[in-house]
Amino acid sequence: MPQLLPDPDLVEQYTQGECHIFAAASVIRHGGSFLVAYDSGKIHWETDDDIIHEVLHVFAVHEGPDGEVIRDIRGDRLAPSRKQIEEELAEAFQVPARDIYMTYEAAEELLTLVGDPAGRLAGALSVEPGFAVMDDDDRPLTEATGRDLSDALDLDEARAFPGSRPAPVLEEDLTPEI
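Counted the way the working numbering counts, the sequence shown spans residues 2 to 179.
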């Protein structure tokens, strides 16, 4: 049976600027934390004491019946290695895998990266944001409007039980065999 691919418009939306909103919707629905991938080759914000690199992507992290599930709009990955995630991100974002580093973050830490002046995302995640060295408009991740969050919460991809969605299909997997 062929794998149903996510809607290309949703993939673009939730991989090109709103990945943290999809991840937050999935965490709100199922609990969990976040895996944040950075591009160490690009600095987003810097002071004498601190450097914040560009955020490449944010995943939701859930505990499924068979172990850790790493989820984004493209699918669920069951207990993937860091190398697998790095290779996937390198292909998707055209960044050398050696420049990608990832950190697991609780909601409070993720919110230090999100412009959330109205506190919508913090309220939806039921947390107080951690201390952020940047002003809201300097943060690498955009504010989530009420509509953005509502739309993401309504997606079947966010509602699905962690581990029930297939892993994403990479372009190399779509190449026909000769």
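Heads up, the beta-carbon is just placed ideally off N, CA and C, and yes, glycines get one too. As the structure is a prediction and not an experimental result, all values here were calculated from the model.
Hey, could you find the ends of the beta strand (DSSP E) SER34 is sitting in? 34-47
Going by the CB atoms, is the gap between GLY147 and VAL70 shorter than 7 Å? no
Taking 8 Å as the threshold, find out whether the region 82-97 comes into contact with the region 18-34 through three or more Cβ pairs. no
ARG75: buried (16+ other C-beta within 10 angstroms of its C-beta) or exposed? buried
If we ignore side chains and look at the alpha-carbon of each, how far apart do GLU109 and VAL134 end up? 14 Å
If we count the other Cβ atoms within 10 Å of its Cβ and call it buried at 16 or more, is PRO66 buried or exposed? exposed
Would you report the Cα separation of PRO1 and GLN85, rounded to the nearest angstrom? The structure shown has nothing for residue 1, since the chain only spans 2 to 179.
Which residues in the same chain have their Cβ closer than 6 Å to the Cβ of ASP149, if we skip the five residues on either side of it in sequence? ILE22
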